[in-house]
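Each residue of the sequence shown is one higher than the one before, starting from 1 at the first, in the UniProt record's numbering.
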Amino acid sequence: MSSEESPRVEVYPGREVVVDFDPNLTFECVEECTWCCHHGVLLYDRDLLELAQRANLVETTTDFRGEKFVTREEKAREDHVAEDGHACAFLREDGLCTLHLEEDWKPTRCSVFPLGVRLEGGDLHVDVRDSAHDHCDGLGVSDRRVIDNLEAFLPAILWDLENPDSDREL
1 MSSEESPRVE
11 VYPGREVVVD
21 FDPNLTFECV
31 EECTWCCHHG
41 VLLYDRDLLE
51 LAQRANLVET
61 TTDFRGEKFV
71 TREEKAREDH
81 VAEDGHACAF
91 LREDGLCTLH
101 LEEDWKPTRC
111 SVFPLGVRLE
121 GGDLHVDVRD
131 SAHDHCDGLG
141 VSDRRVIDNL
151 EAFLPAILWD
161 LENPDSDREL
């Protein structure tokens, strides 16, 4: 979809995004799908402050190319891991997230998934991550249109970041 065709949507007052995906796209997390947890979770500065209130940062984060990520660790359940046998340190063996379930909080990067965010020409653009098309079981399985629920995917912090690009991985 080119920028001329892409709709602009106000997510919060005065904060809009350019939507570079099919406006009819639907998404809902599905049980037993932990694909989004297989990758390193990028942590923005505010995420680090929030995480520090919930976990030991020394034990649960790592530095990679000058950025902080949640550590990945070996997991016993083969259906909840990446090819290397690892997944997010907060992914429980039952396939649920400790932070989301027990702390009622998610890092920004987790909220954004399966969307991708990038700055382009001063505008925040949102699309569906290429890898999500291949691996995410929640695309197209519900009536919940993503474009109608962008505030659930896009925390307000994204507009304040110098580099909100969500396609960075550990």
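The C-beta atom is built at its ideal place from N, Cα and C for all residues, glycine as well.
Check, Outcome
"Reference residue 202, options S166, D127 and G140, closest by Cα", "As shown, the chain starts at 1 and ends at 170. That puts residue 202 outside it, with no answer to give."
"Inter-stretch contact at 8 Å, needing at least 3 Cβ pairs: the segment 153-166 / the segment 109-117", "yes"
"Residues bridged to H86 (per DSSP)", "E74"
"Cβ neighbours of K75 in the same chain (closer than 6 Å, five flanking residues each side left out)", "V81 and A87"
"Selected residue, minimal CA-CA separation from W35, among L57, L139 and K68", "L139"
"Sequence-distant residues of its chain with Cβ nearer than 8 Å to C97 (five each side left out)", "C37, C88, F90, L91, K106 and C110"
"Beta-carbon spacing of L170, R72 below 9 Å", "yes"
"Buried versus exposed, by CB contacts within 10 Å (16 or more), S3", "Unreliable placement is indicated for S3, whose pLDDT of 46 sits below 50; no coordinate value is reported for it."
"Per-residue DSSP class, three states only, for V81", "coil"
"Cβ pair L124, E16 closer than 9 Å", "yes"
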